[in-house]
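Engineer: Chains as they are written, first to last, in the working numbering: chain A, 1229 to 1520; chain B, 1229 to 1520. Glycine included, each C-beta is placed from N, C-alpha and C at the ideal position. Since we're looking at a predicted model, the values are computed, not measured. Got a structure for you, written out below as structure tokens; questions coming shortly.
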DNA sequence: GCTGATTGATACTGGATGAGCATCGATGCT
DNA sequence: AGCATCGATGCTCATCCAGTATCAATCAGC
């Protein structure tokens, strides 16, 4: 098999067509160059250079090998660069999972920041339902996820991204739908639409904590996993809900979003597995701005 | 710079993910493989494999290098093949020069034969006037030319391709134009259109020899270099001419081609320079059929 | 819980490889 | 004829690489 050294030597010689100068350029003396070229020719069984004892010329085969060898040397240098870049996380792929709710909000800005700060990283997006995020991270099926903070310690790391208040969603025909600001206490008797706590404990606790602070425990009429579905059910008149403020962007006929007079902030952030060794993660996390 | 050996070893290891089996596959023992991989990692400053003391896994950088290395090894093997092929003439380029007259005749069949017998050779065609053929060959501006045989010995080699008789060209209005076969002697008093002898001595001698055998020396009215021009001038009524029979294919209104009762054969063939070291030449010449 | 097997890493040694030095042979120029 | 240039060759020495023997760590099974 052709050796890198042989290609180097041959390319230098083919470039200069002069054994002495090529050797000098390679920081070796002339005899080893002569010998390496001779060995290369013998190995290939091909005369690469016509030595006229006063001038050196490439044969047809020599010209062909010259072109091939230059490409291979360039590919070698590139392989080295690319491998180093990959190890440093500047080059690679990151799989980001998120629920559709997050797409309304911080995702576009986040992707722009990453694209600008780490152009070599390809981000693969995957929309999922919130219940599978933790498993996907733990099993290595995804590298990053946009989630609420984790309530119980685990092997999942978390870095805050942004925080937003809750807002109320009411059916358009609801008696409170005309308010511009709402006191949560007014919803004490309303049927609530929520979601199972294990889907997003932090958000669930924020919603219930908000109600408790206003002196009531919400009457849960329906439970579903997706915030979008909650809003849809509200629009159908099946109840009311407290959802993250960014859900406003849904613009759904039949549902009205109303600011709360006093609301807790609900935080979301990036989660990743402690076992994930994707070298792009530190770079992306460092690029990610802290919550405002 | 990355060494071929390192790439080989690394690819085998990345394929098997097992030092022992990879070493066996490489026909070496395990310790040198461990060392080479360690050296590669140190040289790159990158961890390519995660050794879990019970399993070996590629890191992100390792996967990247694996892909790059496989491509490079394939390119190395290809470079070797291609260089050998080029040296043996199976791969390469040949420049073929010819006068337009030859294109009427043997060129298509010749190119088909070559294409079939040596598909790796690219033939570059160049149409020229006959006077520059010898110089172009001698100066290495072209590799092959379709020419008449050379009258004087030179550094140009020659291999016959085909032979054909002469035929007469007369203006359509000429008194002899209705003949289907012509005795050259009948043209003794006609004004002849020919070409300078140095353009194609063999053809010139054939034309003049033909006349002399029939007892006359042609009266040269006009001289021009191209056979096509000769036929054009005949069509204009400026004289008569003897041209290679394949010129019939010109199909020019105003000119009539008539077989000769008794004609010499004029031969054409492939010429090339003795100094031309294009390794494709022997192959193409061997493929070229002898004249029928 | 201990023993044996497996797996990768390390110390050491011998053979191969490659670079430098000196020199030769051939060619071209003065 | 003499000198300079250029690539090839003989020789020596340092380096590199593969093989042998061995170790440390881990896992399986009794």
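From the DSSP output, in three-state form, read off residue 1493 (chain A) for me.
Structural biologist: In the three-state reduction of the DSSP assignment, residue 1493 (chain A) falls in the strand class, which pools E and B.
Engineer: With a Cβ-Cβ cutoff of 8 Å, do residue 1297 (chain A) and residue 1238 (chain A) count as a contact?
Structural biologist: A distance below 8 Å separates the beta carbons of residue 1297 (chain A) and residue 1238 (chain A).
Engineer: With a threshold of 16 other CB atoms inside 10 Å of the CB of residue 1292 (chain A), please say whether the residue is buried or exposed.
Structural biologist: buried
Engineer: List in chain order: all unbroken alpha helix (DSSP H) runs of 4+ residues lying wholly within the region 1417–1488 of chain B.
Structural biologist: The region 1417–1488 of chain B contains these whole alpha helix (DSSP H) runs: 1429–1441 and 1455–1463.
Engineer: Check residue 1244 (chain B) in the structure and name its three-state DSSP category.
Structural biologist: Helix at residue 1244 (chain B).
Engineer: Going along the chain, which residues of its own chain have a beta-carbon closer than 6 Å to the beta-carbon of residue 1472 (chain B), five neighbours each way excluded?
Structural biologist: Excluding sequence neighbours, residue 1472 (chain B) sits near 1392 and 1494.
Engineer: What whole-angstrom Cβ distance do residue 1364 (chain A) and residue 1373 (chain A) have, given they're in contact under 8 Å?
Structural biologist: About 7 Å; that satisfies the 8 Å criterion.
Engineer: Starting from the Cα of residue 1275 (chain A), find the closest Cα among A:1440, A:1341 and A:1287 and give me that residue.
Structural biologist: Proximity to residue 1275 (chain A) across A:1440, A:1341 and A:1287 peaks at A:1287, based on C-alpha coordinates.
Engineer: What is the residue span of the alpha helix (DSSP H) that residue 1269 (chain A) lies within?
Structural biologist: 1258–1272
Engineer: Take residue 1255 (chain A) as the anchor and find which of A:1245, A:1240 and A:1263 has the nearest alpha-carbon.
Structural biologist: A:1240
Engineer: For the putative contact between residue 1318 (chain A) and residue 1346 (chain A), defined by C-beta atoms under 8 Å, what is the C-beta separation to the nearest angstrom?
Structural biologist: 7 Å
Engineer: Which class does residue 1369 (chain B) belong to by DSSP, given the choice of helix, strand or coil?
Structural biologist: In the structure shown, residue 1369 (chain B) falls within a coil segment according to DSSP collapsed to helix, strand and coil.
Engineer: For residue 1352 (chain A), which three-state DSSP category applies?
Structural biologist: strand
Engineer: At 8 Å on the CB atoms, spell out the chain A contacts of residue 1312 (chain B), in chain order.
Structural biologist: Close partners of residue 1312 (chain B) in chain A (Cβ separation under 8 Å): 1272, 1273, 1274 and 1289.
Engineer: From A:1506, A:1514 and A:1450, pick the residue whose C-alpha is nearest to that of residue 1278 (chain B); which is it?
Structural biologist: A:1506
Engineer: When you compare only the Cα positions, how much space is there between residue 1456 (chain B) and residue 1394 (chain B)?
Structural biologist: Per the coordinates, the alpha-carbon of residue 1456 (chain B) lies some 14 Å from the alpha-carbon of residue 1394 (chain B).
Engineer: Is the separation between the beta-carbon of residue 1410 (chain B) and that of residue 1396 (chain B) shorter than 8 Å?
Structural biologist: yes
Engineer: Interface residues of chain B around residue 1300 (chain A) at Cβ under 8 Å?
Structural biologist: 1300, 1303, 1304 and 1307
Engineer: Distance check for residue 1281 (chain A) and residue 1300 (chain A), CA to CA, integer angstroms please.
Structural biologist: Those two C-alpha atoms are separated by around 30 Å.
Engineer: So residue 1506 (chain A) contacts chain B; which residues on that side make the cut at Cβ distance below 7 Å?
Structural biologist: 1288
Engineer: Can you find a CB in chain B that lies within less than 8 Å of the CB of residue 1296 (chain A)?
Structural biologist: yes
Engineer: Have a look at residue 1305 (chain A) and residue 1378 (chain A) and give me their C-alpha separation to the nearest angstrom.
Structural biologist: Distance from the CA of residue 1305 (chain A) to the CA of residue 1378 (chain A), rounded to the nearest whole angstrom, comes to 44 Å.
Engineer: Residue 1463 (chain B) to residue 1242 (chain A), Cα distance in whole Å?
Structural biologist: Going by the C-alpha atoms only, they are around 56 Å apart.
Engineer: For residue 1488 (chain B), count neighbouring C-beta atoms within 10 Å of its own C-beta (all shown protein chains included) and say buried if the count is 16 or more, exposed if not.
Structural biologist: buried
Engineer: Could you work out which residue in A:1444, A:1416, A:1315 and A:1469 is closest to residue 1270 (chain B) when comparing CA atoms only?
Structural biologist: That would be A:1315, whose Cα lies nearest to the Cα of residue 1270 (chain B).
Engineer: Check whether the Cβ atoms of residue 1232 (chain B) and residue 1229 (chain A) sit closer than 8 Å, and answer yes or no.
Structural biologist: Yes, they are a contact pair.
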